[in-house]
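J.: Numbering (UniProt numbering), first residue to last: 1 to 329.
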Amino acid sequence: MKNFDLVQADQPADALKLKSAASTTRFIAGGTNLVDLMKYGIESPDTLVDISRLPLDTVAKTATGVRIGALARNSDVAVNKLITDQFPLLAQALLAGASPQLRNMATMGGNLMQRTRCYYFYDTSTPCNKRNPQSSEGPSGCGAIGGFNRIHAILGASSSCIATNPSDMNVALSALDAIVQIQGPNGNRSVPLIDFHRLPGNTPQRDNVLETNELIVGIDLPTPRMAGKSHYQKVRDRASYAFALVSVATRMAVENGTIRDIQIALGGVAHKPWRMPAVEKQAVGQPATEATFREVARQLLAEAKPQKDNAFKIKLAENTIVRSLQTVL
Ligand SMILES: Cc1cc2nc3c(=O)[nH]c(=O)nc-3n(C[C@H](O)[C@H](O)[C@H](O)COP(=O)(O)OP(=O)(O)OC[C@H]3O[C@@H](n4cnc5c(N)ncnc54)[C@H](O)[C@@H]3O)c2cc1C
Ligand code: SF4
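Right, dumping it as structure tokens:
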């Protein structure tokens, strides 16, 4: 690993100033992803701006719901009473991720920003358009296309990149209509979670819409428009300490056997949490039966295109959606 300077910020404005002062800088929060990336030689910053002491680690009620500070630890958020009472889906997803030790370090902002687990991205001896966008564009710049691609995307992939977003938390936040709060040199802006992460297109080096001179300061969870129940279903190779092959975050309100409100987001299948509000809208007013759930699943997966090694994910995702909705019911 290359030598680097470490500077500490006490306030968000200082963090932004310190980041813009040096040439190759990165914020470091819990360090659970960034330090690995530095060890593998994928990131080699000259300066790390330690943001772990910023006063952004609380979970508090707001007029419209709950705000979670970007530096709140995943383990603290998962047991916070506001979250377990009002947004148990988020608590469940957080507890499905990583291990207790990692969750004690991992922050909400860092989790939003964590990078893909594509094997080729971490192996600097192989081509990768995400790690090295200048090398060559298209399939020849991607080790996974034509390589071993069991964990890769079935939705929204491009001819340059078929990576997935590995986070559990992001899937729940997508289903909960979360809003990412961002501070930059020219002020603050809010980005709905559904628009925060992006599809790879021909710029797979960009995982999300955050600019390099911006800091995530919080995540807002709006109070759901209708009371309902929720469930996070994660399918993985081991029962713990493994990333999702497929995951499903569901919220649903049912009255007299009819779906009144529904939100579904899929993880492990695309470069961003996969959500299709048009499909949810069509499901409202339908009977809450297995036949409806299966039809919803088919519509969510209608554009799925498997890679050589991951066709199993389509049926797995369909069944996981149905199982998740049945569990909520
Ligand atoms: C072995 C292992 C297993 C794991 N398993 C899972 C799993 O099953 N499910 C899952 O969801 N995750 C899993 N993770 C990932 C883990 O959740 C992430 O590493 C963690 O959430 C990252 O948070 P952090 O605070 O440590 O981020 P850091 O490593 O500190 O930072 C990550 C990135 O985010 C940027 N960043 C951090 N905070 C901010 C901010 N406020 N504003 C702007 N940029 C910011 C940093 O500059 C860096 O680029 C696993 C990780 C490991 C190592
Ligand atoms: S799928 Fe994306 S991250 Fe993986 S090797 Fe290809 S370009 Fe890189």
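We treat Cβ as the ideally placed atom computed from N, Cα and C, and that holds for glycine. Small disclaimer: the values here were computed from a predicted structure and weren't measured.
Which runs of the alpha helix (DSSP H) fall wholly inside the stretch 150 to 182 and span at least 4 residues, in chain order?
T.: 169 to 175
J.: Apart from the five residues just before and just after ILE264, which ones in its own chain have a Cβ nearer than 6 angstroms to its Cβ?
T.: Taking the first residue of the sequence shown as 1, we reach residue 264 at position 264. Contacts found: THR250.
J.: Go ahead and pull the three-state DSSP assignment for PRO287.
T.: Taking the sequence shown and counting its residues from 1, the one referred to as residue 287 is at position 287. In this structure, PRO287 counts as strand in the three-state DSSP scheme.
J.: Taking its Cβ as the centre, do 16 or more other Cβ atoms sit within 10 Å of GLN233, making it buried, or is it exposed?
T.: Within the sequence shown, residue 233 is the residue found at index 233, counting from 1. Classification for GLN233: buried.
J.: Rounded C-beta distance between ILE154 and LYS313? I'm assuming under 8 angstroms.
T.: Within the sequence shown, numbered from 1, the residue matching residue 154 stands at position 154. Within the sequence shown, numbered from 1, the residue matching residue 313 stands at position 313. Sure, about 5 angstroms apart at Cβ, within 8 angstroms.
J.: Let me know if PRO12 comes out buried or exposed under the rule of 16 or more other beta-carbons within 10 Å of its beta-carbon.
T.: Start at 1 with the first residue of the sequence shown, and residue 12 comes out as number 12. Label assigned to PRO12: buried.
J.: If the criterion is Cβ atoms closer than 9 angstroms, does the pair ASP220 and THR64 meet it?
T.: Counting from one through the sequence shown, the residue named residue 220 turns up at place 220. Counting from one through the sequence shown, the residue named residue 64 turns up at place 64. In this structure, THR64 lies closer than 9 angstroms to ASP220 by Cβ.
J.: For ARG131, tell me which candidate among PRO273, THR203, ILE151 and VAL254 has the shortest Cα-Cα distance.
T.: Position 131 of the sequence shown, counting from 1, holds the residue named residue 131. Selected option, being the one with the closest Cα: THR203.
J.: Restricting to Cα atoms, I'd like to know which of SER44, LYS39 and ALA106 is closest to GLY31.
T.: If you number the sequence shown from 1, residue 31 lands on position 31. The residue with the shortest Cα to Cα distance from GLY31 is ALA106.
J.: Just how far apart, CA to CA, sit VAL178 and LEU193?
T.: Counting from one through the sequence shown, the residue named residue 178 turns up at place 178. Counting from one through the sequence shown, the residue named residue 193 turns up at place 193. The sequence shown places Ala at residue 178, not Val. ALA178 and LEU193 have their C-alpha atoms spaced approximately 5 angstroms apart.
J.: State the Cα-Cα distance for the pair ALA78 and SER99, rounded to the nearest angstrom.
T.: Walking along the sequence shown from the start, residue 78 turns up at place 78. Walking along the sequence shown from the start, residue 99 turns up at place 99. Approximately 13 angstroms between the Cα atoms of the pair.
J.: Cβ-heavy atom distance between ILE154 and ligand 2 below 8 angstroms?
T.: Counting from 1 along the sequence shown, the entry for residue 154 is found at position 154. Result no, Cβ not under 8 angstroms from ligand 2.
J.: Taking all protein chains shown into account, do 16 or more other C-beta atoms lie within 10 angstroms of the C-beta of GLU214, making it buried, or fewer, making it exposed?
T.: Working through the sequence shown from its first residue, we reach residue 214 at position 214. Classified as buried, GLU214 has 16 or more neighbouring CB atoms from the shown chains inside 10 Å of its CB.
J.: Any heavy atom of ligand 2 closer than 8 angstroms to the beta-carbon of THR24?
T.: Start at 1 with the first residue of the sequence shown, and residue 24 comes out as number 24. For ligand 2, not one heavy atom lies less than 8 angstroms from the Cβ of THR24.
J.: Is PRO185 near ligand 1, judged by its Cβ being under 8 angstroms from some heavy atom?
T.: As a working note, residue 185 is residue 185 in the sequence shown. For ligand 1, not one heavy atom lies less than 8 angstroms from the Cβ of PRO185.
J.: For THR223 and GLY147, what's the separation of their Cα atoms in angstroms?
T.: Along the sequence shown, read from residue 1 onward, the residue named residue 223 stands at position 223. Along the sequence shown, read from residue 1 onward, the residue named residue 147 stands at position 147. Looking at the two C-alpha atoms, the distance is approximately 44 angstroms.
J.: Should VAL79 be counted as a contact of ligand 1 given a C-beta to heavy atom distance under 8 angstroms?
T.: Residue 79 sits at position 79 when you count from the first residue of the sequence shown. Checking the Cβ of VAL79 against ligand 1 gives no.
J.: Using 10 angstroms around the beta-carbon of ALA302, count the other beta-carbons present and answer buried if the total reaches 16, otherwise exposed.
T.: The sequence position of residue 302 within the sequence shown is 302, counting from 1. Exposed, because fewer than 16 other Cβ atoms sit within 10 Å of the Cβ of ALA302.
J.: Return helix, strand or coil for THR64, following the three-state DSSP convention.
T.: Locating residue 64 in the sequence shown gives position 64, where the first residue counts as 1. It is coil, neither helix nor strand.
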